[in-house]
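Beneath this line is the structure, given in structure tokens, with notes to follow.
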Amino acid sequence: NAGVTQTPKFQVLKTGQSMTLQCAQDMNHNSMYWYRQDPGMGLRLIYYSASEGTTDKGEVPNGYNVSRLNKREFSLRLESAAPSQTSVYFCASSGLDTRGNTIYFGEGSWLTVV
Amino acid sequence: QKEVEQNSGPLSVPEGAIASLNCTYSDRGSQSFFWYRQYSGKSPELIMFIYSNGDKEDGRFTAQLNKASQYVSLLIRDSQPSDSATYLCARKGASYDKVIFGPGTSLSVIP
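Protein chains in written order, with our numbering: chain A, 1 to 114; chain B, 115 to 225.
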């Protein structure tokens with residue numbers, strides 16, 4: 001049982017380049033999320049998708065776009081990367097189960113923009 | 115005002131003591147609350163969730179929720195060095211609502 005899988009794990013980009021972070025979950029969850037984590041800032045929500053076909057902005061959406069491709073997959077795109085987007089990115093999913101609406105996280109993607 | 119606030123710490127407690135972590139939230143529509151633990155370089159892992167006023171116990175962990183005061187806490191009894199980590203508090207509204215995290219509290223348990 002893979003849970004939440006995100007790729008790539010590490011990436012270095014030059015300012016202005018674009019890239020897409022991929023995320024897939026195999027738990028049949030309706031909701032999926034993208035967070036970024038910076039030192040001392042906790043997890044900040046970028047975008048989330050409450051169900052297939054819907055996406056909504058979170059706390060820090062500027063500079064990002066998302067696609068909920070199907071129920072399993074939720075991608076995050078940086079169209080023109082900036083050094084301020086250097087961060088650790090976590091994809092997550094949630095669905096009603098015995099642990100409430102618990103969020104399950106992927107292992108994280110370390111992104112550096114130079 | 116951030117939706118979810120926590121003392122950033124670091125909080126230091128001796129081994130065997132009780133660690134008390136606190137969290138406040140601003141949205142009275144919040145229904146579910148979560149405590150996650152995160153080790154350095156790792157993804158967050160769930161410790162407990164709570165949605166009813168009062169206490170909820172799971173082993174050495176007790177979560178406390180007071181919706182009137184918009185306050186959630188986590189007590190860790192018999193703290194161990196392996197409990198040294200960052201603890202994240204989170205809130206969720208309705209079933210399909212977004213989940214918002216606080217900035218986290220760093221806990222250090224001293225042997």
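C-beta atoms are modelled at their ideal positions from N, C-alpha and C, and glycine is treated no differently.
Is the beta carbon of residue i less than 8 Å from the beta carbon of residue j?
i	j	result
R44 (chain A)	Y35 (chain A)	yes
S49 (chain A)	F74 (chain A)	yes
S193 (chain B)	I132 (chain B)	yes
G106 (chain A)	V4 (chain A)	yes
E79 (chain A)	R68 (chain A)	no
Y47 (chain A)	V66 (chain A)	yes
C91 (chain A)	Q6 (chain A)	yes
S220 (chain B)	G130 (chain B)	no
A24 (chain A)	R72 (chain A)	yes
S222 (chain B)	G108 (chain A)	no
Assuming residue i contacts residue j under a Cβ cut-off of 8 Å, what Cβ separation, rounded to an integer in Å, is found between them?
i	j	result
I103 (chain A)	V127 (chain B)	Rounded, the Cβ-Cβ distance is 27 Å, inconsistent with contact.
G216 (chain B)	Q145 (chain B)	Actually they do not touch by this definition, with Cβ atoms about 17 Å apart.
K9 (chain A)	W110 (chain A)	7 Å
R77 (chain A)	T112 (chain A)	That pair is no contact at about 17 Å.
L189 (chain B)	T176 (chain B)	4 Å
S198 (chain B)	S134 (chain B)	Not confirmed; about 15 Å, so no contact.
G42 (chain A)	G218 (chain B)	5 Å
Could you work out which residues of chain C lie near residue i, taking near to mean beta carbons separated by less than 7 Å?
i	result
S157 (chain B)	Absence of chain C from the displayed structure is noted, the protein chains being A and B.
Is there contact between the segment 125 to 145 of chain B and the segment 73 to 92 of chain A, where contact requires at least three CB pairs shorter than 8 Å? no
How do the segment 140 to 154 of chain B and the segment 202 to 215 of chain B stand: do at least 3 beta-carbon pairs fall below 8 Å, yes or no? yes
Within 8 Å, do at least three Cβ pairs link the segment 178 to 186 of chain B to the segment 155 to 169 of chain B? yes
Just list the beta strand (DSSP E) runs in the segment 135 to 184 of chain B, keeping only unbroken ones of 3 residues or longer that don't cross its boundaries, in chain order. 146 to 152, 159 to 164, 168 to 172, 175 to 180
Interfacial residues, the segment 164 to 175 of chain B to chain A, with Cβ spacing under 9 Å: I164, Y165
Chain-ordered residues of the segment 33 to 53 of chain A with a beta carbon less than 8 Å from chain B: Y33, Y35, G40, M41, G42, L43, R44, L45, Y48, A50, S51
Give the residues from the segment 51 to 75 of chain A that approach chain B closer than 8 Å (Cβ to any Cβ), ordered along the chain. S51, D56, G58, E59
Which runs of the beta strand (DSSP E) at least 3 residues long sit entirely within the segment 26 to 95 of chain A? Give them in chain order. 31 to 38, 42 to 49, 64 to 68, 74 to 78, 87 to 94
Output needed in chain order: residues of the segment 76 to 88 of chain A with a Cβ under 8 Å from some Cβ in chain B. none
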